[in-house]
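Residue numbers (the working numbering): 37 to 448. Backbone N, C-alpha and C define an ideal beta-carbon position, used for all residues, glycine too.
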Amino acid sequence: MNITWVRKYPTGREKGRILTVDMGGTNLRVCDVCLSAGKRDFEQIQRKYKLPESVKTDTKEVLWEFIADRIASFLSDHHPGEKPNKPLPLSFTFSFPVDQRSIRSGILQRWTKNFNVPGVEGNDVVPQLEAALKRKNVPVTVVALLNDTVGTLVASHYRDPQVKMGSIFSTGCNAAYMEECRKIPKLQDAGLPEDATVIINTEYGAFDNERQVLPLTPFDHQIDKQSARPGTQIYEKMVAGLYIGEMLRLMMLTLHKKGVLFKNQDVTRLETENALEASFLSIAEMDLSEGLQDMREEFEENLGLEPTLEELKTCRYLIGLIATRAARLYACGIAAICQKMNMRQCHVGVDGAVFNKYSMFKGRVAQGLREIFDWQPGEVGLIALNAAEDGSGVGAALVASLCPSEEELGPC
Ligand code: BGC
37 MNITWVRKYP
47 TGREKGRILT
57 VDMGGTNLRV
67 CDVCLSAGKR
77 DFEQIQRKYK
87 LPESVKTDTK
97 EVLWEFIADR
107 IASFLSDHHP
117 GEKPNKPLPL
127 SFTFSFPVDQ
137 RSIRSGILQR
147 WTKNFNVPGV
157 EGNDVVPQLE
167 AALKRKNVPV
177 TVVALLNDTV
187 GTLVASHYRD
197 PQVKMGSIFS
207 TGCNAAYMEE
217 CRKIPKLQDA
227 GLPEDATVII
237 NTEYGAFDNE
247 RQVLPLTPFD
257 HQIDKQSARP
267 GTQIYEKMVA
277 GLYIGEMLRL
287 MMLTLHKKGV
297 LFKNQDVTRL
307 ETENALEASF
317 LSIAEMDLSE
327 GLQDMREEFE
337 ENLGLEPTLE
347 ELKTCRYLIG
357 LIATRAARLY
367 ACGIAAICQK
377 MNMRQCHVGV
387 DGAVFNKYSM
397 FKGRVAQGLR
407 EIFDWQPGEV
417 GLIALNAAED
427 GSGVGAALVA
437 SLCPSEEELG
447 PC
């Protein structure tokens, strides 16, 4: 439960131009956002770069300079020849747990999502990025640091004030909400006004790291053991996109070893860790054809296997189990926050590829919420999950504009 120092929602009057960078689990997004006062409107130019796997475990210089280089190439592509007389303000979405003493700083508590770059945990990430920007002569200064869930909450609330929670369901999973400061033990002595509020980044992916509550299977233990940080993010490892492909691989391999699946086939690729991405599951589940042709092609392409129709159907059943469990556990996290806030009705802004691209997920989560809250058949679900696609740029821009240094935003 991390305090983010974002103390209020935008009013819609925010204005100005700001650069944003979103370092997620899979991609790096650089955006130039222009907020137009009074219109709850914005314009943005966005570019997405794939984060190479090697960068996630290389040295910190390689990581930060990779980001600095992408910002430099974004600026030279979209603003060629522009020579600002002062550094451009940058709002940095860093989708990992950080301990924040202010909106401009954040000490990385621990890497998640299989990142493992030495020398960053326990340190403030802002000076590390700024040092790389300086080495690379990129005229940019960090004015805000935020979590992706916080950007999603703020951006979604900007468009729809009924949004009370922002959540990510992608490579990782997490949620943020606005809390009353008087209910936050860590802020008891902070001398804040009685009605002060602040956004909490729950970091609920780390729920049950003690392994006391969640019903873990041998496959969950295996995924945890082979991850970069065993013993952490136990809930996230049961739910998020980074792990559901691996869960399927482990289950299919076990059935192969028992002589049930892929008899007499070369399973070398099936034996390779992390051979499958979440999209493999979604393509298979979306294949409604009788011969499961799309699914068959995925098996050939990703695993070099030629399954029988019966085998495909068995695997599809496994996929249904994995994805339904993930969706229902995800619903528990959302429901827990609603209960904590004593909220019976709200909208939740959800961003992330798994939620937005895996078409069965949304319905399964909605069904999970229906069962938890005991909504009767025919009764409309009171907690609605709305896709917040591509909110990362505008969310980060709004957060920067909400912080005391509003005048730092440049003119559009
Ligand atoms: C991180 C969170 C992040 C989530 C979604 C998790 O692994 O700990 O900070 O919000 O992934 O990107």
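Is any non-hydrogen atom of ligand 1 found closer than 6 Å to the C-beta of residue i, if you look at the structure I gave you?
| i | result |
| --- | --- |
| residue 266 | no |
| residue 221 | no |
| residue 280 | no |
| residue 196 | no |
| residue 150 | no |
| residue 241 | yes |
| residue 133 | yes |
| residue 370 | no |
| residue 184 | yes |
| residue 32 | Limits of the chain in this structure are 37 at one end and 448 at the other, which puts residue 32 out of reach. |
| residue 208 | yes |
| residue 143 | no |
| residue 139 | no |
| residue 204 | yes |
For residue i and residue j, which I take to be in contact (beta-carbon distance under 8 Å), what is that distance rounded to the nearest angstrom?
| i | j | result |
| --- | --- | --- |
| residue 149 | residue 207 | 5 Å |
| residue 358 | residue 317 | 7 Å |
| residue 167 | residue 103 | Contact doesn't hold; Cβ gap of about 12 Å is too wide. |
| residue 395 | residue 322 | 6 Å |
| residue 366 | residue 205 | 6 Å |
| residue 212 | residue 236 | 6 Å |
Where does residue i land, buried or exposed, given buried means 16+ other C-beta within 10 angstroms?
| i | result |
| --- | --- |
| residue 442 | Confidence at residue 442 is low in this model, with a pLDDT of 45, below 50, so its placement is unreliable and the value that follows should be read with caution. It is exposed - the Cβ of residue 442 has fewer than 16 other Cβ atoms within 10 Å. |
| residue 415 | exposed |
| residue 296 | exposed |
| residue 54 | buried |
| residue 326 | exposed |
| residue 38 | buried |
| residue 46 | buried |
| residue 229 | exposed |
| residue 249 | exposed |
| residue 238 | buried |
| residue 309 | exposed |
| residue 113 | exposed |
| residue 433 | buried |
| residue 136 | buried |
| residue 353 | exposed |
| residue 65 | buried |
| residue 389 | buried |
| residue 391 | buried |
Are the region 119 to 135 and the region 166 to 183 touching, with three or more C-beta to C-beta distances below 8 Å?
yes
With contact counted as at least three CB pairs below 8 Å, one residue from each stretch, are the region 364 to 375 and the region 400 to 418 in contact?
yes
If contact is defined by three or more beta carbon pairs under 8 Å, each pair taking one atom from either stretch, is the region 157 to 169 in contact with the region 278 to 297?
no
Inter-stretch contact (C-beta, 8 Å, three-pair minimum) for the region 214 to 230 and the region 258 to 266
no
Would you check if the region 176 to 194 and the region 340 to 347 touch, i.e. whether three or more CB-CB distances between them fall below 8 Å?
no
For the region 272 to 279 against the region 69 to 84, do three or more pairs of beta-carbon atoms, one drawn from each stretch, fall closer than 8 Å, so that the two count as touching?
Contact fails: fewer than three Cβ-Cβ distances are below 8 Å.
Flag this pair as touching only if the region 239 to 248 and the region 213 to 221 have three or more C-beta atom pairs under 8 Å; answer yes or no.
The region 239 to 248 is not in contact with the region 213 to 221.
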